[in-house]
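When we follow the working numbering, the leftmost residue of the sequence shown carries the number 240, and every step to the right adds one.
A quick write-up on the structure given underneath.
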Amino acid sequence: MNQKYPSVLLENAVNELASLPGVGRKTALRLALYMLRRDEGYTENFASALVSLRRDVKYCRVCHNICDHDLCAICSDPNRDASTVCVVENIKEVMAIENTGQFRGVYHVLGGIISPMDGIGPGDLEIDSLVQRVANGEVNEIILALSTTMEGDTTNFFIYRKLAPYDVKVSVIARGVSIGDEIEYADEITLGRSIVSRTSFNESIKI
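As structure tokens, this is what we get:
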């Protein structure tokens, strides 16, 4: 049996690195050899950071954003408008919108969007907890800031129907974000304008 690598340990490291999204085996080998060239302390700190991330990271009990404590920095900030909730697919969208500096409300992270092809239904997302936040009576407006794809629009409509019994304004970000675009890839100016120029969801479904 021919051995592709001079060391089984190196091969194991390459296999693990190559399992990361967007990392091919050539890149994985380059990264593994880079780690091998660095001093032992660097590699240990690198590995420790990943282990700590997986073991110790928390999710905000209110909005489900990633944080270090039970309540994230945004939800615990008294200067944020807790009555305006921006609904996003995942943490990357929170970061993208925060970078625009145009939004001073709070967030609700669904953890995905409805996608039957991928086996993701409403029960797999944080939709019930969103409805509960509205039912508590402290929310005046829900801004749906999901990707402008078929799955995103389906999720928007599902949430809109779930919130119909409540006295809450439901808005959708303006279509400055092109149809089919992922929110996380939109430039900050376009995304910021889309948040500021949001429209009533009820009006958007009449188009």
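Glycine included, each C-beta is placed from N, C-alpha and C at the ideal position.
Small disclaimer: the values here were computed from a predicted structure and weren't measured.
Distance, Cα to Cα, residue i vs residue j?
i           : j           : result
residue 316 : residue 248 : 47 Å
residue 357 : residue 389 : 13 Å
residue 307 : residue 295 : 8 Å
residue 262 : residue 246 : 20 Å
residue 323 : residue 353 : 23 Å
residue 291 : residue 362 : 29 Å
residue 288 : residue 318 : 31 Å
residue 280 : residue 272 : 15 Å
residue 259 : residue 282 : 18 Å
residue 392 : residue 293 : 32 Å
residue 300 : residue 313 : 12 Å
Is the distance from the Cβ of residue i to the Cβ of residue j below 8 Å?
i           : j           : result
residue 325 : residue 298 : no
residue 351 : residue 328 : yes
residue 411 : residue 369 : no
residue 366 : residue 336 : no
residue 348 : residue 303 : yes
residue 267 : residue 256 : yes
residue 379 : residue 401 : no
residue 344 : residue 309 : no
residue 330 : residue 359 : no
Put residue i into one of helix, strand or coil per three-state DSSP.
i           : result
residue 456 : Here the chain comprises residues numbered 240 to 446, so residue 456 is not present and cannot be evaluated.
residue 321 : strand
residue 283 : helix
residue 301 : coil
residue 383 : strand
residue 253 : helix
residue 336 : helix
residue 418 : Low confidence applies here, because residue 418 scores a pLDDT of 43, under 50, leaving its location unreliable; read the following figure in that light. The answer is coil: DSSP assigns residue 418 none of H, G, I, E or B.
residue 398 : helix
residue 278 : coil
residue 288 : helix
residue 377 : coil
residue 261 : coil
Which residue wins for smallest C-alpha separation from residue i, given the options the options?
i           : options               : result
residue 251 : 366, 365 and 270      : 270
residue 227 : 322, 323, 333 and 338 : The requested residue 227 is not part of the displayed model; the chain covers only 240 to 446.
residue 264 : 243, 355, 282 and 392 : 243
residue 413 : 375, 339, 403 and 387 : 387
residue 405 : 375, 385 and 395      : 375
What does DSSP give as the partner residue(s) for residue i in the beta ladder?
i           : result
residue 344 : 320
residue 306 : 297
residue 359 : 354
residue 327 : 348
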